[in-house]
Structures are given as structure tokens and as C-alpha cells.
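The numbering of the sequence shown is my numbering, which starts it at 66 and goes up by one.
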Amino acid sequence: MKYANEARAEGVPVRTGEILYEAMPWLKQVTGKTIVIKYGGSAMENPQLAAEVMADIVLLKILGVNPVLVHGGGKAINRAFSNFNLPVEFIDGQRVTTDDAMDLVRMVLTGEVNQHLVEAMNAHGNMGVGVSGTDAGIIVAEQARPELGRVGKITRINTQLIEDLVADDYIPIIASIAIGEDGGCYNVNADVAAGYIAAAIGAHKIIFLTDVDGLYENYPDPDSLIAEMTLGEAEAMVRGDKLSSGMIPKLSSCVRALDSGVSAAHIINGTVPHALLLELLTDSGMGTMVGGLASAQFLNVSPVSKFAAKLIENR
Numbered sequence: 066m067k068y069a070n071e072a073r074a075e076g077v078p079v080r081t082g083e084i085l086y087e088a089m090p091w092l093k094q095v096t097g098k099t100i101v102i103k104y105g106g107s108a109m110e111n112p113q114l115a116a117e118v119m120a121d122i123v124l125l126k127i128l129g130v131n132p133v134l135v136h137g138g139g140k141a142i143n144r145a146f147s148n149f150n151l152p153v154e155f156i157d158g159q160r161v162t163t164d165d166a167m168d169l170v171r172m173v174l175t176g177e178v179n180q181h182l183v184e185a186m187n188a189h190g191n192m193g194v195g196v197s198g199t200d201a202g203i204i205v206a207e208q209a210r211p212e213l214g215r216v217g218k219i220t221r222i223n224t225q226l227i228e229d230l231v232a233d234d235y236i237p238i239i240a241s242i243a244i245g246e247d248g249g250c251y252n253v254n255a256d257v258a259a260g261y262i263a264a265a266i267g268a269h270k271i272i273f274l275t276d277v278d279g280l281y282e283n284y285p286d287p288d289s290l291i292a293e294m295t296l297g298e299a300e301a302m303v304r305g306d307k308l309s310s311g312m313i314p315k316l317s318s319c320v321r322a323l324d325s326g327v328s329a330a331h332i333i334n335g336t337v338p339h340a341l342l343l344e345l346l347t348d349s350g351m352g353t354m355v356g357g358l359a360s361a362q363f364l365n366v367s368p369v370s371k372f373a374a375k376l377i378e379n380r
């Protein structure tokens, strides 16, 4: 026998109830909807943290959200290059990728990073399905610039496999490798791939899990962290010269997704425990939200379950 004063900390049940109650209106906005999550950088390096992120994504799935995960793996690729004594060269922030390097990039992203994420997710049930952008031609690209080698510029997204997996209640985990118009493979930026995929499948939201607290107007001034901005303000920042090289593809992808009908984009710190849940399901959030049109206009962007449809209020 165990007594309550031994098992429960004072005040915890009430506070937990308040948090769960606070989540309800936000959960009603996303249940039944498809959300693209881009995962990469330092947020993916800590195995324990990665396991927690996968658990949070599973929780969102249980709550009725349809997550689609897109990932890169730059740090893992750097380690592999070092192990095989391959030179690491960047031009304008993009990795020069020779034919030999492309084989290694593909091996690391699909055989190592992707499978680690699948294993972490499937510790909670058999729902994560690892795929490459080459599978069923999900991501198609052409050479971006000759001097970059096998670095691709995305030309189109084939959505059928993603839609089929979501319809069957699986969670796609997509490695950012593209099939080339020339039949080969290309290394594509995972931020850009996520933006294209979100636009193509009519996602309700896109979320970038990174290793900074959000978007800063004047990085690293903490007082310039932006909580919310409009599409027009985001477009102005992309045209300006204040963004870091790593933030440019993220914000550009936010703009692309919003222009295609995605209702909102979020840039959040994925190294903070449960960042996804805090941003999506609490009043204060925790990162930067780039807003498109009013979310009410997007109630039918992606199919919702019969129960989720009942949550649409009569207003």
C-alpha cells in the first residue's frame, strides 16, 4: 500500500491539470492536420534528446496530429568525411559534393541518421517509416551549380508515398536525398526540402527544430528575439542582409510554404526539452512564428478525422 502523501508532490496535480487544460484550444487547431517537422543540427546530436523529440512526435500522433518528419545530418556527414579522409569544402554555405562524396552522404543520411530516428520513434510503437527522398521519387532535383557537384536544386515533389503513409497512420521520416533528373542522386538542403514538401502536401504548419531560440532581428542580441512576424516581414528579412547563412534557407522555406497556403511556420530551439509541445500546445509558445493567413481559412487544407471535424466550433 502506498499513501498519497508519499507518491504525489504537493501542488503538482493542480498545475498539471492547468497545463493540460491550456493545451485544449491549441490542440483543437492541429488535430487531424498534417504538420511537417524539419529536424537537424545540434538538436539531433544528443541521443537522449533525440529520443525525447521522437516521443513528443509520437504523442502528437496519438493526439490526432499527422506529423511528417524531414531531416538532414550535417554533423554526421562531417564525421564520416573525416573518417574517410575526404576534404570538406563549402561554397556559399553549400557542401561541395563529388560523386564519391555523394555515395557517403547517402549512406550516412539513409543508413545511419534515418535509421536511428526510426528506431527511436518505434520504441513507442511501429509507426515510424524511414524513407529517402529518392523513394518513389519523393524529391526530384537537378544540379544546382557545376562547381558544387552533386548538390541539387529541387524541381518537384511527388507526394503520393507521403500521402499514402499518412493515410495509413504511419509517420514518414524522410532523408534529404533527391533523385536527379539525370537518374543520379543529389544532396539537397533539408530546410529547403521541408519547405517544398510542406507546400506540396498542403500541410497546416511547418516547424523547424534548430539549435537557437528562434529568429533574431539582430543576432545574438537576446532582446531582438522575434516571437511573431508576418509573411511580409519575413520576405523583407530574406531580401535584407541581417540573416546568418544557416537561417537564410529556413526563413526562405517559411516564405515558400506560406505562399503555398501553409497557415504558419515556426522556428524553435529543438535542444529545449519538449520544445514541440511547448510551441504548439501552450499560450506563450517558445520560438518564432511566421504567420500567414488566418488559420480559420485553413480548416480544410488537409483531411481531418471524423472526430476532429466535430471540434470545429459553430461560429
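Each residue gets a CB set at the ideal place from its N, CA and C atoms; glycine is no exception.
Original post:
Where does residue 260 fall in DSSP's three states?
Top reply: helix
Original post:
For the putative contact between residue 137 and residue 255, defined by C-beta atoms under 8 Å, what is the C-beta separation to the nearest angstrom?
Top reply: 3 Å
Original post:
Pick from 129, 169 and 86: whose alpha carbon is nearest that of residue 148?
Top reply: 169
Original post:
Leaving out the 5 sequence neighbours to the left and right, which residues in its chain are closer than 7 Å to residue 202 when beta-carbon positions are compared?
Top reply: 223 and 244
Original post:
Cα separation between residue 182 and residue 189?
Top reply: 12 Å
Original post:
Terminal residues of the continuous beta strand (DSSP E) containing residue 331?
Top reply: 329-334
**OP:** Indicate the three-state DSSP secondary structure (helix, strand or coil) for residue 284 in the structure shown.
**Re:** coil
Original post:
How many whole angstroms separate the CB atoms of residue 100 and residue 236, which I take to be in contact at a CB cut-off of 8 Å?
Top reply: That pair is no contact at about 11 Å.
Original post:
Over what stretch of residues does the alpha helix (DSSP H) that includes residue 270 continue unbroken?
Top reply: Where residue 270 is concerned, there is no enclosing alpha helix (DSSP H), although the beta strand (DSSP E) it sits in stretches over 270-275.
Original post:
Can you tell which of 287, 285, 304 and 281 has its C-alpha closest to the C-alpha of residue 293?
Top reply: 281
Original post:
Does the stretch 214-234 come close enough to the stretch 78-95 to have 3 or more Cβ pairs within less than 8 Å?
Top reply: no
**OP:** Pull up the distance between the alpha-carbon of residue 275 and that of residue 291, whole angstroms please.
**Re:** 15 Å
**OP:** Report, in whole angstroms, the separation of the C-beta atoms of residue 145 and residue 178, which I expect to be a contact under 8 Å.
**Re:** Between residue 178 and residue 145 the Cβ distance is about 10 Å, and since that is not below 8 Å, they are no contact.
Subject >> Contact belief for residue 334 with residue 278 at Cβ below 8 Å, rounded distance in angstroms >> reply: 5 Å
Original post:
Taking the alpha carbon of residue 332 as the point to measure from, which residue in 353, 266 and 344 has its own alpha carbon closest?
Top reply: 353
**OP:** In angstroms with no decimal places, state the Cα-to-Cα distance between residue 383 and residue 345.
**Re:** Look at the range of the chain in this structure, 66 to 380, and you will see that residue 383 is not part of it.
**OP:** Starting from residue 63, follow the beta strand (DSSP E) in both directions and report where the run begins and ends.
**Re:** Past the edges of the chain, shown from 66 to 380, lies residue 63, and the structure says nothing about it.
Original post:
Of all the CB atoms in chain D, is at least one closer than 8 Å to the CB of residue 354?
Top reply: Structure shown: chain D not included; a single protein chain is present.
Subject >> alpha helix (DSSP H) segment containing residue 316, residue limits >> reply: 312-324
Original post:
Between the Cα of residue 300 and the Cα atoms of 316, 196, 310 and 309, which residue gives the shortest distance?
Top reply: 316
Original post:
Does the separation of the CB atoms of residue 192 and residue 234 fall below 8 Å?
Top reply: yes
Subject >> Secondary structure of residue 167, DSSP reduced to three states >> reply: helix
Subject >> Closest Cα partner of residue 105 within the set 80, 246, 209 and 134 >> reply: 134
**OP:** Output the boundary residues of the beta strand (DSSP E) element that contains residue 131.
**Re:** 131-136
Subject >> Length of the line joining the Cα atoms of residue 358 and residue 129 >> reply: A caution first: residue 358 carries a pLDDT of 45, below 50, which makes its placement in the model too unreliable to give a value.
Original post:
Short check: CB of residue 270 to CB of residue 327, under 8 Å?
Top reply: yes
**OP:** Less than 8 Å between the CB atoms is what I'm expecting for residue 156 and residue 212, so what's the real figure, rounded?
**Re:** 6 Å
Subject >> Three-state secondary structure assigned by DSSP to residue 84 >> reply: helix
Original post:
Mapping DSSP to helix, strand and coil, what is residue 253?
Top reply: coil
Original post:
So what does DSSP say about residue 106, is it helix, strand or coil?
Top reply: helix
**OP:** Can you have a look at residue 288 and say buried or exposed, based on whether 16 or more other CB atoms are within 10 angstroms of its CB?
**Re:** exposed
Subject >> Rounded C-alpha distance that separates residue 116 from residue 341 >> reply: 13 Å
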